[in-house]
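For the sequence shown, position 297 matches number 328 in the numbering used here, and the numbering has no gaps at all.
One structure below.
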Amino acid sequence: MPTIALRGIAKRYPGGTTSAVDDLDLTVDDGDFMCMLGPSGCGKTTTLRMIAGLEQPTAGSISVDDRVLDSVERGVFVPPERREMGLVFQSYALWPHMTIRQNTEYGLRLRKVARAERGRRADDVMTAMGIDRYADRYPSQLSGGQQQRVALARMLAVNPGVMLFDEPLSNLDSRLRLEMRAELKRIHHDFGSTIVFVTHDQWEAMTLATRIAVMYEGRLQQIGSPTDIYDRPRNRFVAEFLGSPPINIIELVDAESAPHVAAAYEFAHARTPDAGIAPGSVGFRPESIRIESRGEPAARQGLAIDGTVFAVLATGGSWTIEIVADDRHFFATTSVTPTCRPGEEIRIRIAINDVHVFDPEGDRVGAR
C-alpha cells in the first residue's frame, strides 16, 4: 500500500492574515490508519483536501510513493480524478435518484469498468458492508448508518490504495458511531489500505488510529501512537486537548499563593534541577490520582496535595471525584466504588512518573 509524504506544506488563502496550514511535514506510512485530530479551524480538513487534490498548497510538495502529486516549486499538480484515492465526506454525497447498487457502481462506471466486472465488484462490497439486501432501494429509504455504509461501499468498490475520511461519523448517533468505528477497523484490517481520517473527536482518534497527528492553528503539534500522545504529550495543548475529565493543571506563578501550588512548585523544581528550565506548570491526569486519608503515612514518593472531597459522581462504569484544595478544583477518576464522601478531608497523591512538568511556553520538560 502507498506511503504519503507531505513536505513543507502551507496553505494561505487570498486576503488572509494567517496560514490555514503552516510548514507541515508529515509522513503517512504504508498501511497506516492516521487520524488527524484537532479543534475546528486547526487545518486538518484543509490538509486532507490538499492530499485529495481538492485544494492546491501555496508551498511545499505532496507525493505518494515516488509519484509527485503536488509541487509548488516544480509546478506539478495532479487533479483529483487521477490520484487513485477514495474519499468519504461528512455528508454521504449519495445520488438520490440512483439505487444503492447504482451508487455503489458509480466510481466503477466513471473508470469505464466493464458491466459484468462492475456488478461483481459491487456485489462483493455490498455483501461485505451488509447492504446487499438494499441493492434496489434508494438512499431516502435507508437510515443514516445504512447510507454511510453505502458511501463506504462506493469507495471500496474502486479499491483505492489511499482512503481519505473527512469526519464521516459526526452525523450518526452514539450507538451507530460505535458500530461504524468497528466497521472501519475491520475495513482497515481486511483491505490493508493507507487511511487518513480527520476528526475532532479524541475518543474516535484513540480507538481507530495506529498513529495520531494533533494539529492546532495550522501547525503539527505532535505525532505518535494513541498511547504516546496520551501518556507523553509534547506540550500543554496536546495534554489538555485529550482526556475527559481533562488533565489537572497547576500554574506555578506564585509559590507562596497556596499550599498546593507550593507543593507542586517544590516537586517541579526537584524534577528539573539540571535542566536549566524554569517550570511554568505541572499536570496530572485524573486516573493517576490516588486518594489517601491524611493520617496515612506519607512514605510514598510523588506529588502530595491536601484537599477536601467536594463531590462524588457516578458515571456508569466509573466514578469521578471532585476535590477542592485552596479553592482549586481537581478531578480524579476510578473504576472502584470510592469510600470517601463529600466534606471529607483527604490527601491526593500522584506518582512521580505520572506528573508532567511544562515550561513557561507550554512545552513538556524532557519531551523529545
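Where is the CB? At the ideal position from N, CA and C, for every residue including glycine.
In terms of DSSP beta bridges, what is TYR296 paired with? The residue given as residue 296 occupies position 265 in the sequence shown. The partner list for TYR296 (beta bridge, DSSP) is empty, contrary to what the question assumes.
Is it true that the region 51–61 meets the region 36–43, where meeting means three or more beta-carbon pairs spaced less than 8 Å apart? yes
Can you tell me which of THR339, MET246, GLY393 and THR34 puts its alpha carbon nearest to the alpha carbon of ASP60? The sequence position of residue 60 within the sequence shown is 29, counting from 1. Nearest C-alpha to ASP60: THR34.
Proximal residues to VAL355 (C-beta, below 7 Å), its chain only, five neighbours per side dropped: Your numbering for residue 355 matches position 324 in the sequence shown. Same-chain partners within the cutoff: GLY338, THR339 and PHE341.
For HIS219, which residues in the same chain have their Cβ closer than 7 Å to its Cβ, ignoring the five residues on either side in sequence? Residue mapping note: residue 219 aligns to position 188 of the sequence shown, counting from 1. These residues qualify, in order along the chain: PHE64 and ILE226.
Using C-beta distances below 8 Å, list every residue in its chain close to ARG142, excluding the 5 sequence neighbours before and after it, in chain order. Looking up residue 142 in the sequence shown gives position 111. These residues qualify, in order along the chain: VAL189.
State the DSSP-derived secondary structure class of SER275, mapped to helix, strand or coil. Reading the sequence shown from its first residue, position 244 is the one you call residue 275. Coil, per DSSP.
Are GLN332 and ILE379 closer than 7 Å when you measure CB to CB? Your numbering for residue 332 matches position 301 in the sequence shown. Your numbering for residue 379 matches position 348 in the sequence shown. Contact flag unset, no.
Do you know how far the Cα of ILE322 is from the Cα of TYR296? On the sequence shown, position 265 is the one that residue 296 refers to. On the sequence shown, position 291 is the one that residue 322 refers to. Roughly 20 Å between the two C-alpha positions.
Is the region 178–185 close to the region 66–75, with three or more CB pairs under 8 Å? no
What number of angstroms, rounded off, separates the C-alpha of SER205 from the C-alpha of ASP96? In the sequence shown, residue 205 corresponds to position 174, counting from 1. In the sequence shown, residue 96 corresponds to position 65, counting from 1. Their Cα atoms are separated by approximately 37 Å.
Kindly indicate which residue of PHE361, ILE352, ALA145 and GLY393 has the alpha-carbon position closest to the one of VAL367. For the purposes of this step, residue 367 is taken as residue 336 along the sequence shown, with counting starting at 1. The candidate whose alpha carbon is nearest that of VAL367 is ILE352.
In terms of DSSP beta bridges, what is GLY338 paired with? On the sequence shown, position 307 is the one that residue 338 refers to. Paired residue(s): ILE377.
Alpha carbon to alpha carbon, how far is ARG316 from GLY274? Give it in angstroms, no decimals. Sequence index remark: in the sequence shown, residue 274 carries index 243 (1-based). Sequence index remark: in the sequence shown, residue 316 carries index 285 (1-based). Going by the C-alpha atoms only, they are around 8 Å apart.
Can you give the Cα-Cα distance for GLY393 and ARG105, rounded to whole angstroms? Locating residue 393 in the sequence shown gives position 362, counting from the first residue. Locating residue 105 in the sequence shown gives position 74, counting from the first residue. Approximately 38 Å between the Cα atoms of the pair.
Would you say the region 156–176 touches the region 124–138, given that touching needs at least three Cβ pairs under 8 Å? yes
Going by beta-carbon coordinates alone, are GLU115 and PRO191 separated by less than 7 Å? The count along the sequence shown starts at 1 and reaches residue 115 at position 84. The count along the sequence shown starts at 1 and reaches residue 191 at position 160. In contact: GLU115 and PRO191 (Cβ atoms closer than 7 Å).
Go ahead and pull the three-state DSSP assignment for ARG242. One-based indexing of the sequence shown puts residue 242 at position 211. Of the three classes helix, strand and coil, the one that applies to ARG242 here is strand, per DSSP.
Does DSSP put VAL52 in a helix, a strand or coil? The residue given as residue 52 occupies position 21 in the sequence shown. VAL52: strand per DSSP, three-state reduction.
Nearest-angstrom Cα separation, counted from ASP262 out to GLU86: If you number the sequence shown from 1, residue 86 lands on position 55. If you number the sequence shown from 1, residue 262 lands on position 231. One C-alpha to the other measures close to 35 Å.
For GLN121, which three-state DSSP category applies? Position 90 of the sequence shown, counted from the first residue, corresponds to residue 121. Here GLN121 sits in coil by DSSP.
Between ILE82, ASP154, GLY397 and LEU344, which lies nearest to ARG372 when the distance is taken from Cα to Cα? Your numbering for residue 372 matches position 341 in the sequence shown. The candidate whose alpha carbon is nearest that of ARG372 is LEU344.
Could you spell out where the beta strand (DSSP E) holding ALA36 opens and where it closes? Position 5 of the sequence shown, counted from the start, is the residue given in the question as residue 36. From DSSP, the beta strand (DSSP E) with ALA36 extends over 35–42.
Simplified DSSP assignment, three categories, for ASP155: To locate residue 155, count along the sequence shown from 1; it is residue 124. Note: ASP155 maps to helix in three-state DSSP.
Within the same chain, show all residues whose beta-carbon is closer than 6 Å to that of MET186, passing over the 5 residues directly before and after it, in chain order. What you label residue 186 is simply residue 155 of the sequence shown in a count that begins at 1. GLY117 and VAL119.
Assigned secondary structure, ARG359 (DSSP; H/G/I helix, E/B strand, else coil): Translated into positions along the sequence shown, residue 359 becomes position 328. In this structure, ARG359 counts as strand in the three-state DSSP scheme.
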